[in-house]
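>
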Amino acid sequence: MVGIASFGFRENDGASQACDCHPIGASGKTCNQNTGQCPCKDGVVGITCNRCAKGYQQSRSHIAPCIKIPVVQMMATEEEDGYGEEPDPSSVGGDQCGKCKAATKRLNMNKYCKRDFAIMAKVLSHIDNSEDEHTKGWIRFMIYVEYIYKKNRDSRIRKGTMFMVVPEADLNCKCPKIKSGKQYLFLGREKDDSPGGTISGNLGITQRSIVIEWRDEWDQRMRRFRRRARKCK
């Protein structure tokens, strides 16, 4: 972070003093004459605009030095990760959604370690009629895998087109929300959650999966997780 520089002046008992507005965090050079508060850019706080607000993280951009921390739409089913919790009636959207509990949590290293694959893929199309015996009760999508951050040695995940399936009940409850033409970050358990196993070639996205609409800033975070993957237990 660039050091504090003095911009603007404010009055104090008839004397002028430098405002010390941060050259990157402040959106202007003149502070409030009564309080000394500098005008801050979006997501920046502090009297001199020198730190990120809660819910924001520092970026490398001088134009937008603080950006919102992305949130993850994931299925809460594990004690620390969401697995195994009882459905919360207040969070469901009808009788058919009784088993679907959506929660928003930030992706961290622990959650990355607990999934055996992490990919960035674009959803190409929704396949209405699937004759695959393994995918009855599942909705099938064709996706294009653009980047693979993590997979097992015996994984069938490859760059390019492949099939992804989501339980119909979960999709009807918008858990997760998936739209054709959008890019997503998918993390899950290929062996455990793919109907028919990995041999079927259908990548399963279930209540143990994490689905995030893609943003470019996720790439740097995922690469950092991959470098630290040897610490996974």
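For the sequence shown, the numbering used here assigns the number 59 to the initial residue and increments by one for each residue that follows.
Built from N, CA and C at the ideal position, the CB exists for glycine as well.
In angstroms with no decimal places, state the Cα-to-Cα distance between C89 and K126.
25 Å
> CA-CA distance, C124 and A227?
For C124 and A227, the distance between alpha carbons rounds to 38 Å.
> State buried or exposed for D250, treating a residue as buried only when at least 16 other CB atoms are found within 10 Å of its CB.
exposed
> Contact defined as beta carbons within less than 8 Å: I believe C110 pairs with C96. What is the distance between those atoms, to the nearest angstrom?
Going by Cβ atoms, the distance from C110 to C96 rounds to 15 Å, so no, they are not a contact pair.
> Please check the pair A182 and Y202, which I expect to be a contact at CB under 8 Å, by giving their CB distance rounded to whole angstroms.
Per the sequence presented here, residue 182 reads as Leu, with Ala not at that position. That pair is a contact at about 6 Å.
> Spell out the partners DSSP gives Y242 in its beta bridges.
According to DSSP, which records beta bridges pairwise, Y242 is partnered with A179, E271.
> Which term fits C77, buried or exposed, when burial requires 16 or more other beta carbons within 10 angstroms of its beta carbon?
buried
> Please return the same chain residues whose Cβ sits closer than 7 Å to the Cβ of I185, not counting the five positions on each side in sequence.
R198, F199, M200
> Please report how far the alpha carbon of V102 lies from the alpha carbon of R279, in whole angstroms.
21 Å
> Report back the beta-carbon spacing between F175 and E271 to the nearest angstrom; my notes put them in contact at under 8 Å.
The Cβ separation is near 18 Å, so there is no contact.
> With DSSP as the reference, label G151 as helix, strand or coil.
Because G151 sits at a pLDDT of 41, beneath the cut-off of 50, its placement in the model cannot be relied upon, and the point is left open.
> Going by beta-carbon coordinates alone, are K217 and I206 separated by less than 9 Å?
yes
> C290 to Q91, Cα distance in whole Å?
52 Å
> If you follow the alpha helix (DSSP H) that L229 is in, where does it begin and where does it stop?
226-230
> What residue range is occupied by the uninterrupted beta strand (DSSP E) comprising N260?
260-262
> How would you write the range of the alpha helix (DSSP H) that C77 sits in, first residue to last?
Taken as a continuous stretch (DSSP letters only), C77 belongs to no alpha helix (DSSP H), as it is neither H nor E.
> Output needed for K237: all residues of its chain with C-beta closer than 8 Å, excluding positions within five of it in sequence on either side, in chain order.
V181
> Here's the rule I'm using: 16 or more other beta-carbon atoms within 10 Å means buried, otherwise exposed. How should R173 be labelled?
buried
> First and last residue of the beta strand (DSSP E) that includes C171?
Counting along the chain, C171 falls outside any beta strand (DSSP E), though it belongs to the alpha helix (DSSP H) covering 167-171.
> Please report the straight-line C-alpha distance between V269 and G94, rounded to a whole angstrom.
44 Å
> Sorted by chain position, which residues of the same chain lie with C-beta nearer than 8 Å to K240's C-beta, five sequence neighbours on each side aside?
K180, V181, E271, W272
> Spatial neighbours of E138 within its chain, please: C-beta separation below 6 Å, excluding the five flanking residues on both sides.
Low local confidence applies: a pLDDT of 39 at E138 is under 50, so the model's placement there is unreliable, and no value is given.
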